[in-house]
Every structure is written in C-alpha cells, then in structure tokens.
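Per this note's numbering, the very first residue in the sequence shown carries number 64; after that it's consecutive.
We put the beta carbon where it would ideally sit given N, CA and C, even for glycine.
Below: one structure, written as structure tokens.
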Amino acid sequence: MEVVRRLRPPERYAFAVSVRPLLVPKHDPCGRLGDDGLWLAMRTPAGPASLHLARAAGDLIATGHGPGAEWAADRADAIAGLRDDPGDLPTLAARHPLVARLAKTFSGVRLPATGQVFPRLLRAVLEQKVTGKEAHRSYRAVCRHFGEPAPGPAGLLLPPDPAAVAATAYWEFHPFGVEQRRTETLLRAARVADRLERCADAAEATTRMTALPGIGPWTAAETVRYAYGDPDAVSVGDFHIPNTVAWALAGEPRGTDARMLELLEPFRGHRGRVCDLLALGGIQAPKFGPRMPLRSFARF
C-alpha cells in the first residue's frame, strides 16, 4: 500500500535541520536522511510503515508505504515539524540578545512530533549516563537484534517491538553494551508501552514515565520533546546543558540545574527550544578536565 500527500511548509522552512534529530547520528537502522529526503520506519496503530519526506518545488511530498501508510501520511506534517508553531518566541527571545539572534537565524527550524513514545524512550534510556557514542552504538545493536524489515524500498528496520523487548532477559542486552540498570529500566518501559502510547499529551506522558523506576526528568524530556513536539521540555540532569545555558545567558562557565531553570524562566513555553537554539548555534561552555571515557559492558 502506498499513500501520497503534498504538504506546504512555511517560508524559510529548514527541512534537514528540523528532521535530523529524529535519527541517531551517522547511521540509524530505522531511518535515513540524504539527498533523496528523509526515510523513517515506524510501527503505527495500523501496522508497520515507512514514511518518505522529500522536497519538491517548494512543497514537501510525503509518501507512506506498508499497512500503516495512511497513518504515516496523515502524521507526516507533524513528523516534519509543520504542526509546530513558534508563536510568541520572537517576543520572548528579545529578552536576551543572543537568544534573539539565534531565533532569527534559525527561524526556519521546526520541532518534529512523531506521535510515538516508545521508540524515542528506548533511545533516551540507552543514552542515560553514558557518552553519545556508547549510547548510539548500543541503539544500533538493539535495533539490529530486534529488527524486522520495514515496508518500502529504503531497506530500513522497524523500531524494536516493545513486546519482544519486554520478553527478553536483561543479560541478553550485555553484548549490546547495556548494563543491568538501563536494561531493567527499558524492560519496565516496554511492559507498559501500550499505556504510554495512549497518553494524551506531553504532561501525561511525563507523569506516567517518571512513575517508572529508572526514568527521571531528563529521560522524560528527551522523549516528549520529539514524541509530542514539546518546545518547553528541558532536560534537567543533563551533563552539559546547564553549563551551556549558564555560559550563554549569564557568562558563567558552570551552572546547576537550578541555575539553568532560573535563566530559562523568561522563556517559559519555549525553554527546550531555547536550549536547542544554543546547540544549533554551536554555543558551548569552556571545557575543563578529561573527557568521559568510552566503556564496554559487552564482556561483563
């Protein structure tokens, strides 16, 4: 089955920058972004699907493949970030010259909303307390282990089935570089994935997720930012973001979560978006000390 839909993006819409966060850097078994546009595999309520988004003469052509093609095509504008409305961001951004400049520079960037919680939660749990390289390596290994071919011609894998994840013993994740603590968090989330997917909004999803042992504000925010397109989701507990915010907004080389939230308060409603703007602008606090080492749990 194939369903095609034509979308009209806003002026200055930055397609690649908007959708890139949906994929793990360098290689994602469940998606691809290239000259031919974005390919994204998904498990929809109607069945497996692949969505292709491609620019065409100023429009965006969305093509759904597979049993879930219609669901994917109907959701395509949200996945592309076209349902995201920056609203009063320019007014709020004017409260700080750097934020105002970045908001203007990246005015074409929109926040995607996939409408799917578990795939993003899987990635967020794997990213807990480890380097990005470690987490992404584990993510690829998990996806390949549970992988099922996705519909369509892109050769993608579907995201892991929560039921299959929930039925797996924790020690089977060791070869993927995931220790017992993160694995057990992931298994708990997989067992209630259906309830998580039925949440009406980011607030309800955050409440349900943080009620699970092992899932805190950071993991919830990393999930709802892209599952629901929540522009106010702040990743409290992040290793870098408090320092970045403190440096960018107050010239302080180090910041706590409390200080970060204090500095972001004038931008409430778009606090997560402001953090994204700082990242897009390449803003970084001064670095001190050695880098966090890469580790492997595969032989534990």
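DSSP three-state assignment for glycine 195, whether helix, strand or coil: Start at 1 with the first residue of the sequence shown, and residue 195 comes out as number 132. It is helical.
Three-state secondary structure (DSSP) of threonine 58: With the chain covering 64 to 363 only, the question about residue 58 has no answer from this structure.
Test item: CB-CB of valine 162 and leucine 249 under 8 angstroms: Here residue 162 corresponds to residue number 99 of the sequence shown, with the count starting at 1. Here residue 249 corresponds to residue number 186 of the sequence shown, with the count starting at 1. Going by C-beta atoms, valine 162 is not nearer than 8 angstroms to leucine 249.
Cβ shell of arginine 362 (< 6 angstroms), same chain only, five flanking positions each side left out: Position 299 of the sequence shown holds residue 362. At arginine 362, the pLDDT of 49 sits below 50, so the modelled position is not reliable and the matter cannot be decided from this model.
Under 8 angstroms between C-beta atoms of alanine 348 and tryptophan 310: Along the sequence shown, one-based indexing puts residue 348 at 285. Along the sequence shown, one-based indexing puts residue 310 at 247. Closer than 8 angstroms, so yes.
Nonlocal neighbours in the same chain, by C-beta distance under 7 angstroms from arginine 71, ignoring five residues either side: Sequence index remark: in the sequence shown, residue 71 carries index 8 (1-based). Cβ within range, chain order: Asp122.
DSSP beta-bridge partners of methionine 323: Here the question's residue 323 lines up with position 260 in the sequence shown. DSSP, once it has assigned bridges, lists no residue as partnering methionine 323.
Cβ neighbours of leucine 326 in the same chain (closer than 7 angstroms, five flanking residues each side left out): Position 263 of the sequence shown, counting from 1, holds the residue named residue 326. Only Val308, Ala309, Leu312, Ala313 meet the Cβ criterion.
Close-in-space but distant-in-sequence residues of the same chain around alanine 253 (CB under 6 angstroms, 5 per side omitted): In the sequence shown, the residue the question calls residue 253 occupies position 190. For alanine 253, where only same-chain residues beyond five positions count, the Cβ hits under 6 angstroms are Pro225, Val228, Ala229.
Runs of alpha helix (DSSP H) wholly within the region 279–353 (minimum 4 residues, chain order): 280–290, 304–313, 320–327, 334–343
Stretch-stretch touch, CB-based, cutoff 8 angstroms, three pairs: the region 100–115 with the region 185–202: no
Nonlocal neighbours in the same chain, by C-beta distance under 7 angstroms from glutamate 251, ignoring five residues either side: For the purposes of this step, residue 251 is taken as residue 188 along the sequence shown, with counting starting at 1. Residue identity differs from the one stated: residue 251 is arginine in this sequence, not glutamate. So the list reads Leu275, Pro276, Gly277, once near-sequence residues are dropped.
Identity of the residues DSSP links to serine 201 by a beta bridge: Here residue 201 corresponds to residue number 138 of the sequence shown, with the count starting at 1. Paired residues: none, contrary to the question.
Sequence-distant residues of the same chain with beta carbon closer than 8 angstroms to glycine 300, five excluded per side: Start at 1 with the first residue of the sequence shown, and residue 300 comes out as number 237. Gly279, Pro280, Trp281, Asp320, listed in sequence order.
Alanine 213 to histidine 159 span [Cα, whole Å]: Residue mapping note: residue 213 aligns to position 150 of the sequence shown, counting from 1. Residue mapping note: residue 159 aligns to position 96 of the sequence shown, counting from 1. The alpha-carbon atoms of alanine 213 and histidine 159 are separated by roughly 45 angstroms.
Proximity to glutamine 179 [Cα-Cα], best of Cys262, Val87, Pro294, Asn306: As a working mapping, residue 179 is identified with position 116 in the sequence shown. When only C-alpha atoms are compared, the closest one is Cys262.
Endpoints, alpha helix (DSSP H) assigned at serine 81: Mapped onto the sequence shown, residue 81 falls at position 18. That run of the alpha helix (DSSP H) goes 78–82.
Environment of alanine 323 [buried if 16+ CB atoms lie within 10 Å]: Position 260 of the sequence shown, counted from the first residue, corresponds to residue 323. This sequence places methionine at residue 323; alanine is not what is there. Methionine 323 comes out buried.
N- and C-terminal bounds of the alpha helix (DSSP H) containing arginine 146: Position 83 of the sequence shown, counted from the start, is the residue given in the question as residue 146. Per DSSP, arginine 146 belongs to no alpha helix (DSSP H) and is neither H nor E.
For tyrosine 233 and glutamate 247, the rounded distance between their alpha carbons: Here residue 247 corresponds to residue number 184 of the sequence shown, with the count starting at 1. Here residue 233 corresponds to residue number 170 of the sequence shown, with the count starting at 1. Their backbone Cα atoms lie some 6 angstroms apart in a straight line.
Option in Arg200, Leu116, Gly335, Arg118 with minimal Cα separation from glutamate 238: On the sequence shown, residue 238 is found 175 positions in, with the first residue counted as 1. For the record, residue 238 in the displayed sequence is proline; it is not glutamate. Looking at the Cα atoms, Arg200 is the closest of the given residues.
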